[in-house]
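Number 79 in UniProt numbering belongs to position 79 of the sequence shown; there are no gaps in the numbering.
Yeah, the Cβ is synthetic: ideal placement off N, Cα and C, and Gly gets one too.
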Amino acid sequence: MGCTGAFPLLLSLTSQGMDIDLSCFGLDAGGQLSDDRYMVFFNQKSCPGGGVTLDIGNGSATFTTDVSRLPESIHKLVFTASLNGEGTMRKLGASSLRLGSTTFSFSGADFQDEKAVIVGEIYKREGLWRFGAVGQGFNGGLSALLKHFGGTEAAASPAPAPALAAAPASAPASAPVPETQKVSLSKITLEKRGDKISLEKAGRQGFGRTRVNLNWNQSSTPAATEPKKQGFLSRAMGSVQTRSSGGIDLDLGCMFELTDGTPGCVQALGNSWGSFSLPPYIHLDSDDRSGTSTGGENIFINGDQFPQIKRALIFTFIYDGAPNWAATNGVVTIEVPGRSPVEVRLDNGSTASMCAIAMIENKSGNLEITKLVEYFQQVGLKSTHQQINDRFRFGLRFKAGSKD
């Protein structure tokens with residue numbers, strides 16, 4: 001299959017509760033990752049020039065690829081799925097890779113006890129880019145894949161050493177050879193309620209454009225149009241399966257308090273979108289009513305204005321659909337530039353309609369994230385919004401509203 005210009009490649013996996021990372025390796029003519037900047041994954045979502053960019057959904061990843069933007073040194077793009085933690089690819093449910101109008105299907109029945117799969121590749125031959133399905137199992141996880149392709153994993157950051165007295169100035173030396181860039185494969189999951197992590201500000205710099213992403217599965221039941229199993233990467237023409245109707249509409253929102261004491265709420269309900277460049281320096285950029293958008297819903301926090309923000313409570317509520325949090329498989333990911341992503345999973349089977357997910361606080365200039373995952377149900381005339389407000393003392397009053 002020939003590939004020209006820009007096109008999306010969609011990987012969709014039924015993970016069966018396993019933590020699976022989807023990645024792309026940009027390899028040189030020798031099949032090696034000679035430049036770690038061309039590994040695109042959860043911790044590095046684009047390569048130089050924008051030849052490959054990644055948009056992560058819930059159980060899916062869209063790699064938007066433009067081969068015309070890749071340097072001559074890149075001869076192959078390899079797309080992989082790897083397990084993080086327990087499980088093997090044998091447990092994988094019905095999954096697919098979609099390129100254009102063609103869908104390649106696979107599942108755990110095609111594998112044994114591998115921890116990773118090389119799903120497919122786009123390679124350059126005689127000046128033309130082509131796609132090929134691979135389906136090769138791999139015993140190691142993402143770290144082993146990185147090593148296999150010649151990349152180098154960054155070690156965990158050591159504790160900062162005490163400051164040393166300045167050494168006497170010496171004669172200028174020739175410029176050192178830059179150290180090979182290493183890839184950080186780490187991500188942080190706050191497992192239990194009350195777990196927290198504190199991120200220190202780097203010098204005078206702020207925290208940059210901080211993204212809070214909510215993703216979830218629209219429906220609690222498998223799609224009626226799920227393709228039949230035809231063996232690994234068997235070809236099936238047509239579009240990817242559609243979700244069943246009657247899905248759940250989750251809304252992402254944020255209650256905040258600025259350092260001057262000003263409280264407020266950012267949410268689609270009531271068209272209270274906030275602002276990134278002006279107070280409250282918190283902005284909601286979309287409302288995904290179906291759960292089918294791979295990008296989900298996003299709140300952006302202006303980390304360069306973080307000194308103006310005292311705290312921000314991230315919440316979600318079921319605007320439409322029967323409350324069933326276990327079925328939504330919801331996850332919030334907080335991405336601070338230059339730091340490992342922080343995940344908070346909505347891992348309770350509550351049937352309440354609203355969840356306070358996490359608290360982001362300014363603690364002496366550090367950005368502290370605490371897992372809350374507390375569920376709220378309307379009691380009498382007291383709304384769930386008002387209950388969260390009262391529980392965390394934001395000083396707000398809520399009345400009924402609509403997104404329409």
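Extent of the continuous alpha helix (DSSP H) run through residue i
{"i": "W129", "result": "Element bounds for W129: not the alpha helix (DSSP H) but the beta strand (DSSP E), 128 to 138."}
{"i": "T328", "result": "325 to 328"}
{"i": "K147", "result": "142 to 148"}
Bridge partner(s) assigned by DSSP for residue i
{"i": "T189", "result": "E343"}
{"i": "R125", "result": "L128"}
{"i": "Y375", "result": "C355"}
{"i": "E361", "result": "R311, E368"}
{"i": "V78", "result": "F25, E121"}
{"i": "G253", "result": "F315"}
{"i": "E297", "result": "L214"}
{"i": "C3", "result": "W129"}
{"i": "N302", "result": "R209"}
{"i": "T62", "result": "L10, D55"}
{"i": "L83", "result": "I20"}
{"i": "L269", "result": "Answer by DSSP bridge pairing: none, since L269 is not bridged."}
Residue i: first and last residue of the uninterrupted beta strand (DSSP E) it sits in
{"i": "R391", "result": "From DSSP, R391 is part of no beta strand (DSSP E) but of the alpha helix (DSSP H) over 384 to 392."}
{"i": "K115", "result": "Counting along the chain, K115 falls outside any beta strand (DSSP E), and DSSP gives it neither H nor E."}
{"i": "P263", "result": "263 to 266"}
{"i": "C24", "result": "20 to 27"}
{"i": "A6", "result": "6 to 12"}
{"i": "E335", "result": "331 to 335"}
{"i": "I56", "result": "52 to 56"}
{"i": "R211", "result": "209 to 215"}
{"i": "L381", "result": "Careful: L381 lies outside any beta strand (DSSP E) and carries neither H nor E."}
{"i": "S96", "result": "95 to 99"}
{"i": "L396", "result": "No beta strand (DSSP E) contains L396, which DSSP labels as neither H nor E."}
{"i": "S198", "result": "196 to 199"}
Closest Cα partner of residue i within the set the options
{"i": "D110", "options": "G120, G93, K147, E126", "result": "G93"}
{"i": "V266", "options": "F276, S143, M255", "result": "M255"}
{"i": "L13", "options": "E86, V117, Q308, E121", "result": "V117"}
{"i": "T262", "options": "W325, G49, R393, F42", "result": "R393"}
{"i": "I301", "options": "T88, R209, F106, W273", "result": "R209"}
{"i": "G49", "options": "S60, I56, I74, L33", "result": "I74"}
{"i": "S383", "options": "M354, L214, G17, G365", "result": "M354"}
{"i": "S364", "options": "K201, F315, T333", "result": "K201"}
{"i": "S277", "options": "E297, V119, Q305, Y319", "result": "Q305"}
{"i": "S68", "options": "T4, N213, L83", "result": "T4"}
{"i": "L367", "options": "N84, F63, I197", "result": "I197"}
{"i": "L313", "options": "G51, N389, P307", "result": "N389"}
{"i": "E114", "options": "T333, Q387, Y319, N139", "result": "N139"}
{"i": "E72", "options": "Y281, K310, A144, G51", "result": "G51"}
{"i": "G303", "options": "D195, H283, F315", "result": "H283"}
{"i": "N362", "options": "R311, R391, N43", "result": "R311"}
{"i": "A356", "options": "E374, T152, I369", "result": "E374"}
{"i": "G85", "options": "T189, G100, F131", "result": "T189"}
{"i": "G127", "options": "V332, L70, S95, E153", "result": "L70"}
{"i": "F63", "options": "I309, I299, A6", "result": "A6"}
{"i": "I112", "options": "T88, V119, I122", "result": "Correcting the residue identity first, residue 112 is Gln in this sequence and not Ile. Minimum Cα distance to Q112 is reached at T88."}
{"i": "L214", "options": "K147, R90, G17, I334", "result": "I334"}
{"i": "D55", "options": "L83, D21, L250", "result": "D21"}
{"i": "K45", "options": "I309, P341, Y319", "result": "P341"}
Helix, strand or coil at residue i [DSSP, three-state]
{"i": "M89", "result": "helix"}
{"i": "F315", "result": "strand"}
{"i": "V67", "result": "helix"}
{"i": "P280", "result": "coil"}
{"i": "F42", "result": "coil"}
{"i": "R37", "result": "helix"}
{"i": "F106", "result": "strand"}
{"i": "G274", "result": "strand"}
{"i": "A169", "result": "Low per-residue confidence applies at A169: pLDDT is 46, beneath 50, and the placement is therefore not dependable, though the value from the model is reported in the following sentence. DSSP places A169 in coil when its eight states are reduced to three."}
{"i": "V240", "result": "For V240, the pLDDT reaches just 29, beneath the cut-off of 50, and the residue's location in the model is therefore unreliable, although a value from the coordinates is still provided. V240 falls in the coil class under three-state DSSP."}
Chain D contact for residue i (CB, 8 Å cutoff)
{"i": "M255", "result": "Of the protein chains in the structure, only one exists, and it is not chain D."}
Any non-hydrogen atom of the ligand FAD closer than 7 Å to residue i Cβ
{"i": "V373", "result": "The ligand FAD is not part of the structure shown, which contains no ligands of any sort."}
### Query
Is the segment 67 to 79 in contact with the segment 340 to 357, if contact means three or more CB pairs nearer than 8 Å?
With a cut-off of 8 Å, the segment 340 to 357 and the segment 67 to 79 do not count as touching, because too few Cβ pairs lie within range.
### Inter-stretch contact at 8 Å, needing at least 3 Cβ pairs: the segment 38 to 55 / the segment 11 to 29
Contact holds between the segment 38 to 55 and the segment 11 to 29, because three or more Cβ pairs, one in each stretch, are under 8 Å apart.
### Three-pair Cβ contact test at 8 Å for the segment 99 to 110 versus the segment 122 to 138
Cβ pair count under 8 Å is three or more, so yes.
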